[in-house]
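Going by the numbering used here, the sequence shown opens with residue 14, and the numbers climb by one from there. Written out below as structure tokens is the structure these notes cover.
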Amino acid sequence: GKSNNGCFEIANQGALSLDVNAAACNSLNCPACFISPVTATQAIALTIQKCSTHRWGLGAGLLRDGVWQYTFVNRNSYYDITVTDGTTTYTIPPRSHVTAWCESARNDNRLHFPSTTVPTLKVTNAFTLTGGAFDISSSSAAVSFGTGGVTIAGGGLTVSAGGFTVSGGNVDLSATGTLATGTGAHTFNGDVTLSGTKALAVGGTSTLSGAVTVGSSSSNANLALNGALTSLTGVTVTAGGLTVTAGGITLSDGDFDAASSGGSFQTSTGNVHLMGNTVVKGTNTFQVGDSKNTAGATTLFGDLTVGHSTLDRTTRLYGPVTVSNGVTISGGDFTLSAGHFDASSSSGTFKTSTGANELNGNTQVMTTRTFAVGTPGTAGLATLNGGLKVGGSGSGEAATTALYGATTVHL
């Protein structure tokens, strides 16, 4: 260093310690003023030792007494100077200065820098905090920021009481960090959009008082429900269909109404239980199977009514009909337009009504079976308008005719 008009110019080095109780300034007693080199190429850390016994004047016999002032001037345009007495450190920015006081009475070698408590602080350019905390917790006044942004480079922003209110502008959380809220309710007064392929996960119960739209008319999307879906006022699917991969669809009340749809109602291969009356409206049909070779069996455990007492309908059966408990016709006719009337496998009785019975084809009583008209004492008249042939002319075809009662022959 060197003396410069009453001030000592410190050396251009990173750390410098001066003992002002000795001839530390170029082998001379140090003045109470220190300046930095204009051409300093680095920040300088200056330590002042033993300021309470500062030697002054010439030689070693005279010490300062009382209270005196030190001046520290940073003439450099780029680097800071830090001044410390070993306990308190003060930073002097480029092209600025600071004063400090020292006293001899306490002999504590402490530099008393300007007070850090001021009634009002106005910064016209920039405010930079390089260390320590920015603490306004003791103030009850509001903190206002101008039109410039507020950037928190690290550490986060913590609100321990009160609220975080944005009265204008945006809250931009576009960074990759996590947004964690408290356990209280969250109210969104505007639309909420999750961009891209981001997901929304809810661990508890979600209540949506308005309409819920999944996808759009130009971009279809799937809705996957891994649990039960309970609807109090019905479910309407306008397009795309409703697919249930597990569980089921249960209606505890209301209707399953597909009347406005032109699509098909298709079930799985499991059983279909219709617990109420089933009506096929209008001229629609009810079909079992989708072709003549893939139809299954249809079982009706109750009565089957075709048509109505005032509106007859035709029943067509293609294929054999097996009746296990008889057929009763309460009106109309039983007509065979083709095929046979075959009761040969039955051991039951063939009984007609009291009306006339017309046999339009040849009639044959097989093997040893008999043909009886009436019962003894109650027989009616048997009329044969054609010839009567008993037995045959061939070998073994002769038969005996027994007549009980008067026989009248008209020739």
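Where a beta carbon is used, it is the ideal one built from N, C-alpha and C, also for glycine. This one's a predicted model, so the numbers in the text were calculated from it and none came from an experiment.
Using DSSP bridges, identify the partner residues of residue i.
{"i": "L31", "result": "I61"}
{"i": "A116", "result": "According to the sequence provided, residue 116 is Glu. The question's Ala does not apply to it. Its beta-bridge partners are V80."}
{"i": "T102", "result": "T97"}
{"i": "F47", "result": "F21 and F85"}
{"i": "L324", "result": "H321"}
{"i": "L41", "result": "C38"}
{"i": "V111", "result": "F85"}
{"i": "R68", "result": "L76"}
For the candidate residues the options, whose alpha-carbon lies nearest to that of residue i?
{"i": "T60", "options": "N39, T97 and T52", "result": "T97"}
{"i": "T243", "options": "H110, D266 and T256", "result": "D266"}
{"i": "L75", "options": "C43, A155, N138 and T256", "result": "C43"}
{"i": "S157", "options": "L142, S180 and G167", "result": "S180"}
{"i": "N398", "options": "H423, Q377 and T388", "result": "H423"}
{"i": "T191", "options": "F177, G169 and G344", "result": "G169"}
{"i": "V172", "options": "W114, D148, T189 and S230", "result": "D148"}
{"i": "N284", "options": "L264, F299, G309 and T413", "result": "G309"}
{"i": "M288", "options": "T341, L264, F384 and W114", "result": "L264"}
{"i": "D204", "options": "G195, A214, A139 and V225", "result": "V225"}
{"i": "I342", "options": "L317, S232, K211 and Y331", "result": "L317"}
{"i": "S322", "options": "F269, G345 and G339", "result": "G345"}
{"i": "T196", "options": "S151, G217 and V163", "result": "G217"}
{"i": "N25", "options": "A351, S128 and V51", "result": "V51"}
{"i": "S337", "options": "S350, L245 and G361", "result": "G361"}
{"i": "T220", "options": "S117, A198, K294 and T365", "result": "A198"}
Starting from the C-beta of residue i, find all residues in its chain whose C-beta is less than 6 Å away, skip the five residues before and the five after it, and write them out in chain order.
{"i": "T11", "result": "The displayed coordinates of the chain run from 14 to 424. Any statement about residue 11 would go beyond what the structure contains."}
{"i": "E116", "result": "V80"}
Does the separation of the CB atoms of residue i and residue j fall below 8 Å?
{"i": "C38", "j": "G19", "result": "no"}
{"i": "S40", "j": "I23", "result": "no"}
{"i": "G27", "j": "I57", "result": "yes"}
{"i": "A53", "j": "Y83", "result": "no"}
{"i": "G393", "j": "G387", "result": "yes"}
{"i": "L31", "j": "Q55", "result": "no"}
{"i": "T95", "j": "T102", "result": "yes"}
{"i": "A272", "j": "F278", "result": "no"}
{"i": "A241", "j": "G228", "result": "no"}
{"i": "V474", "j": "P132", "result": "As displayed, the chain neither begins before 14 nor continues past 424, which places residue 474 out of reach and without an answer."}
{"i": "R326", "j": "V319", "result": "yes"}
{"i": "F299", "j": "V292", "result": "no"}
Note down, in chain order, each residue of its chain lying with its Cβ closer than 8 Å to the Cβ of residue i, except the 5 sequence neighbours on either side.
{"i": "E410", "result": "G404"}
{"i": "R119", "result": "S65"}
{"i": "T141", "result": "none"}
{"i": "G99", "result": "T60, Q62 and N122"}
Does the Cβ of residue i have 16 or more other Cβ atoms within 10 Å, making it buried, or fewer, making it exposed?
{"i": "I105", "result": "buried"}
{"i": "F363", "result": "exposed"}
{"i": "S12", "result": "Since the first and last residues shown for the chain are 14 and 424, residue 12 lies out of range."}
{"i": "A395", "result": "exposed"}
{"i": "L124", "result": "buried"}
{"i": "V86", "result": "buried"}
{"i": "G201", "result": "Correcting the residue type first, residue 201 is Phe in the shown sequence and not Gly. Counting Cβ neighbours within 10 Å, F201 comes out exposed, since fewer than 16 surround it."}
{"i": "V33", "result": "buried"}
{"i": "N306", "result": "exposed"}
{"i": "A113", "result": "buried"}
{"i": "N183", "result": "exposed"}
{"i": "F314", "result": "exposed"}
{"i": "F21", "result": "buried"}
{"i": "H67", "result": "buried"}
{"i": "N89", "result": "buried"}
Sorted by chain position, which residues of the same chain lie with C-beta nearer than 7 Å to residue i's C-beta, five sequence neighbours on each side aside?
{"i": "W69", "result": "N42, L75 and R77"}
Please tell me whether, using a cut-off of 7 Å, the distance from the CB of residue i to the nearest non-hydrogen atom of the ligand PLP is below it.
{"i": "F140", "result": "Of ligands this structure carries none, so the ligand PLP is not represented either."}
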